[in-house]
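Reading through the structure tokens given below for one structure.
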Amino acid sequence: MSVYDEIGGEAAMNAAVDVFYRKVLKDDRIKHFFDGVDMARQAAKQKAFLTMALGGPNNYTGEDMRKGHAHLVARGLNDSHFDAVMENLGATLKELNVPGHLIAQAAAIAESTRKDVLGK
Amino acid sequence: MSRVIYDGQAIERGDLSVLDCLTEHGINIPSSCHSGLCQTCLSRAASGSIPARAQTGLKETQIAQNYFLACVCYPEHDIEVAMEDGVNKLPALVSGVKHLSADILGVHLKPQHPFNYRAGQFINFFKDENTVRSYSLASVPELDDELFLHVRKVPGGQVSPWMFEHLKPGDQVQITEPAGECFYVPGKPAQNILLVGTGSGLAPLYGIIRDALQQGHTGKIVLYHGSTSFGGLYLVDELRTLAQKHENFSYVPCISESAVPEGYASGMVLDVVLARQADLSGWRVFLCGHPEMVKSGRQEAFLAGASMSEIFADPF
Ligand SMILES: Cc1cc2nc3c(=O)[nH]c(=O)nc-3n(C[C@H](O)[C@H](O)[C@H](O)COP(=O)(O)OP(=O)(O)OC[C@H]3O[C@@H](n4cnc5c(N)ncnc54)[C@H](O)[C@@H]3O)c2cc1C
Ligand code: HEM
Ligand code: FES
Numbered sequence: 001m002s003v004y005d006e007i008g009g010e011a012a013m014n015a016a017v018d019v020f021y022r023k024v025l026k027d028d029r030i031k032h033f034f035d036g037v038d039m040a041r042q043a044a045k046q047k048a049f050l051t052m053a054l055g056g057p058n059n060y061t062g063e064d065m066r067k068g069h070a071h072l073v074a075r076g077l078n079d080s081h082f083d084a085v086m087e088n089l090g091a092t093l094k095e096l097n098v099p100g101h102l103i104a105q106a107a108a109i110a111e112s113t114r115k116d117v118l119g120k
Numbered sequence: 121m122s123r124v125i126y127d128g129q130a131i132e133r134g135d136l137s138v139l140d141c142l143t144e145h146g147i148n149i150p151s152s153c154h155s156g157l158c159q160t161c162l163s164r165a166a167s168g169s170i171p172a173r174a175q176t177g178l179k180e181t182q183i184a185q186n187y188f189l190a191c192v193c194y195p196e197h198d199i200e201v202a203m204e205d206g207v208n209k210l211p212a213l214v215s216g217v218k219h220l221s222a223d224i225l226g227v228h229l230k231p232q233h234p235f236n237y238r239a240g241q242f243i244n245f246f247k248d249e250n251t252v253r254s255y256s257l258a259s260v261p262e263l264d265d266e267l268f269l270h271v272r273k274v275p276g277g278q279v280s281p282w283m284f285e286h287l288k289p290g291d292q293v294q295i296t297e298p299a300g301e302c303f304y305v306p307g308k309p310a311q312n313i314l315l316v317g318t319g320s321g322l323a324p325l326y327g328i329i330r331d332a333l334q335q336g337h338t339g340k341i342v343l344y345h346g347s348t349s350f351g352g353l354y355l356v357d358e359l360r361t362l363a364q365k366h367e368n369f370s371y372v373p374c375i376s377e378s379a380v381p382e383g384y385a386s387g388m389v390l391d392v393v394l395a396r397q398a399d400l401s402g403w404r405v406f407l408c409g410h411p412e413m414v415k416s417g418r419q420e421a422f423l424a425g426a427s428m429s430e431i432f433a434d435p436f
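The listed protein sequences correspond, in order, to chains A and B. Reminder that position 48 of the first sequence reads as 48 in the numbering used here, one-by-one numbering, no gaps. Each position in the second sequence, counted from 1, maps to that position plus 120 in the numbering used here.
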């Protein structure tokens with residue numbers, strides 16, 4: 001069973017998106033990457049992000065992650081920003097009372113995308 | 121590269137939307153907003169798969185019948201567009217026109233067929249076969265036997281100035297079925313509701329507020345209506361009277377650029393809201409009007425605690 005299913009699947013995801021995205025938009029280290037992106041559409045993307053990080057159903061490949069973030073890498077996206085997102089992800093899951101071993105699993109999945117997201 | 125097939129003709133799509141691709145080849149499909157909001161460009165696919173983005177906001181029944189919005193449709197594979205009319209045109213009678221302020225016209229319409237809608241949804245209004253614009257419904261089906269629109273005169277526009285000049289009682293016009301997600305949903309009568317509008321963005325909000333009140337909503341209902349000047353505000357007396365009658369409804373008219381008389385708040389409507397409504401956790405939020413206001417309003421309401429799924433907006 002994936003972390004995604006264990007924490008309650010799609011329904012839990014909706015609550016998690018709110019908490020996670022609010023953290024990201026308030027985080028001075030990374031919020032500028034989200035300037036100008038339409039919130040309504042962004043919500044769906046954040047959900048895609050979390051679903052993926054938690055091992056839920058998604059069709060993203062490493063190549064998609066590379067392409068999807070290339071314009072951000074061009075704007076200076078680097079390891080420190082990636083770390084900030086990882087931190088927000090961890091804090092979100094903690095806030096939602098997800099048990100520690102599941103948070104660790106989610107972090108490992110998200111971490112595995114680092115090279116692709118940062119275009120290395 | 122994928123192609124758009126229409127009337128037996130296959131056209132290379134390139135980077136264009138299905139709408140732009142067809143328009144470029146002389147095939148006219150009515151359109152208005154070009155951003156997937158107004159549903160004027162509703163079309164049906166005879167074959168081919170439709171990207172999810174092109175069906176956002178459509179009803180389940182429409183999705184099941186392969187309807188899609190051509191202006192935001194960029195399919196990866198060939199798609200065949202059905203030839204029949206996408207949008208259903210319905211006749212309506214202009215039953216009254218009335219200036220609500222110097223640049224807002226109140227238009228009353230009587231649909232000639234049964235017409236089911238929720239206050240705050242919008243209809244599309246045909247000036248002629250291919251010139252269509254969306255207008256929100258300020259009327260409430262349970263309270264009003266006509267549809268009310270608030271039309272703001274947009275200088276240099278094709279449709280709104282024409283309505284100011286030519287529309288008169290007795291005219292026969294064509295509209296579409298109502299669409300849109302900006303309306304009151306019963307079931308949480310104690311939830312607090314924040315509504316923020318600029319200009320004619322008051323139209324849907326006026327409908328939503330009266331709908332919520334007539335359905336017995338008990339939570340707070342707070343309306344902020346903004347304009348640059350005193351003259352840009354309208355229905356002020358009606359809204360003040362409504363606020364006197366209903367303890368849970370309050371109304372704050374805001375003026376941003378010119379002199380501010382007593383009883384009005386001073387500043388950009390969103391700034392006034394944020395200064396007074398610091399915590400929006402658990403609130404339902406409606407934002408209508410100026411696209412910039414709606415966009416930052418969405419973000420600010422969200423940061424103030426409103427859930428993304430509880431924020432409804434119509435930018436125009
Ligand atoms: C969901 C929704 C609900 C809406 N509800 C309402 C409502 O309740 N009330 C309301 O008043 N409006 C509403 N609108 C907006 C409305 O649909 C029209 O957009 C508005 O009335 C302007 O239409 P128009 O034909 O007068 O202007 P348009 O002809 O569309 O022109 C708009 C602006 O663009 C400029 N322009 C036009 N053509 C050109 C060109 N070729 N080059 C440069 N500039 C150009 C014009 O000068 C004008 O400033 C709504 C829109 C949507 C999407
Ligand atoms: C931790 C690993 C990450 C994963 C798994 C991930 C995943 C995703 C996914 C699935 C999308 C949606 C793509 C789409 O459908 O279009 C996306 C978009 C986006 N991501 Fe990430 N992401 C990660 C890290 C980051 C970081 C570190 C940043 C910046 C601080 C970032 C900023 C964005 C932005 C701004 C978008 C929207 C792009 C746009 O629409 O312009 N992401 N991400
Ligand atoms: S023109 Fe396509 S939805 Fe408005």
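Quick reminder that beta carbons are idealized off the backbone N, C-alpha and C, glycines included.
- Using a 10 angstroms sphere on the CB of THR51 (chain A), the tally of other CB atoms reaches 16 or more, which defines it as buried.
- In this structure, LEU93 (chain A) and ALA106 (chain A) form a Cβ contact; the two beta carbons are roughly 6 angstroms apart against a cut-off of 8 angstroms.
- The contact set of LYS67 (chain A) on chain B, defined by CB atoms closer than 7 angstroms, is empty, because the minimum CB distance reaches about 14 angstroms.
- Residue pairing for GLU301 (chain B): DSSP places it in no beta bridge.
- In the three-state reduction of the DSSP assignment, PRO411 (chain B) falls in the helix class.
- Contacts with chain B at 9 angstroms (Cβ-Cβ) include ALA43 (chain A).
- Per DSSP, reduced to three states, the secondary structure at CYS191 (chain B) is helical.
- Listed along chain B are SER427, MET428 and SER429, each with a C-beta nearer than 9 angstroms to that of ASN14 (chain A).
- If the five residues before and after LYS340 (chain B) are omitted, its C-beta is found closer than 6 angstroms to the C-beta atoms of ASN312 and ASN368, all from its own chain and listed in chain order.
- Across the structure, PRO211 (chain B) and PHE245 (chain B) are spaced so that their CA atoms are roughly 10 angstroms apart.
- For VAL392 (chain B), the enclosing alpha helix (DSSP H) begins and ends at 389-396.
- Under the three-state reduction of DSSP output, ASP83 (chain A) falls in the helix class.
- Around ligand 1, the residues selected by a Cβ distance under 5 angstroms to any of its heavy atoms are B:CYS153, B:LEU157, B:CYS158, B:PHE242, B:ARG253, B:SER254, B:TYR255, B:SER256, B:VAL271, B:ARG272, B:VAL274, B:GLY276, B:GLY277, B:GLN278, B:VAL279, B:SER280, B:SER320, B:ALA323, B:ASP434 and B:PHE436, following chain order.
- Secondary-structure assignment with DSSP links ARG164 (chain B) through a beta bridge to B:TYR187.
- Assignment of CYS153 (chain B) by DSSP, reduced to helix, strand and coil, places it in the coil class.
- In this structure, DSSP gives LEU136 (chain B) a state outside helix and strand, which the three-state scheme calls coil.
- When secondary structure is reduced to three states using DSSP, GLU249 (chain B) falls in the coil class, being assigned neither helix nor strand.
- Three or more pairs of CB atoms, one per stretch, sit closer than 8 angstroms, so the segment 22-35 of chain A contacts the segment 417-427 of chain B.
- Look at PHE406 (chain B) here: in three-state DSSP terms it is strand.
- At a cut-off of 4 residues, the continuous stretches assigned as alpha helix (DSSP H) that sit fully inside the segment 203-291 of chain B are 280-286.
- A distance criterion of 8 angstroms places the beta-carbon of LYS45 (chain A) in contact range of ligand 2, judged by its closest non-hydrogen atom.
- For LEU400 (chain B) against LEU314 (chain B), the beta-carbon gap comes to about 7 angstroms, under 8 angstroms, which counts as contact.
- Against chain B, a Cβ distance below 9 angstroms from LYS26 (chain A) picks out LEU423.
- In this structure, GLY216 (chain B) sits away from PRO261 (chain B), with a CB-CB distance that is not shorter than 9 angstroms.
- Around HIS69 (chain A), the same chain offers VAL117 as residues with beta carbons nearer than 6 angstroms, after the five sequence neighbours per side are excluded.
- Taking 9 angstroms as the upper bound on Cβ-Cβ separation, chain A lies near residues LYS415, ARG418, GLN419, PHE422, LEU423 and GLY425 of the segment 395-425 of chain B.
- Contact between GLY409 (chain B) and GLY276 (chain B) does not hold, since the beta-carbon distance rounds to 19 angstroms and is not under 8 angstroms.
- Listed along the chain, the chain B residues whose CB falls inside 7 angstroms of the CB of ARG75 (chain A) amount to none; the nearest CB is some 19 angstroms away.
- Contact with chain B is absent for TYR60 (chain A), since none of that chain's Cβ atoms lies less than 9 angstroms from the residue's Cβ.
- DSSP, reduced to helix, strand and coil, places GLY55 (chain A) outside both helices and strands of the structure shown, so it counts as coil.
- Inclusion of MET86 (chain A) in the 8 angstroms shell around ligand 2 follows from its C-beta lying nearer than that to a non-hydrogen atom of the ligand.
- In the three-state scheme derived from DSSP, where H, G and I count as helix and E and B as strand, HIS101 (chain A) is classed as helix.
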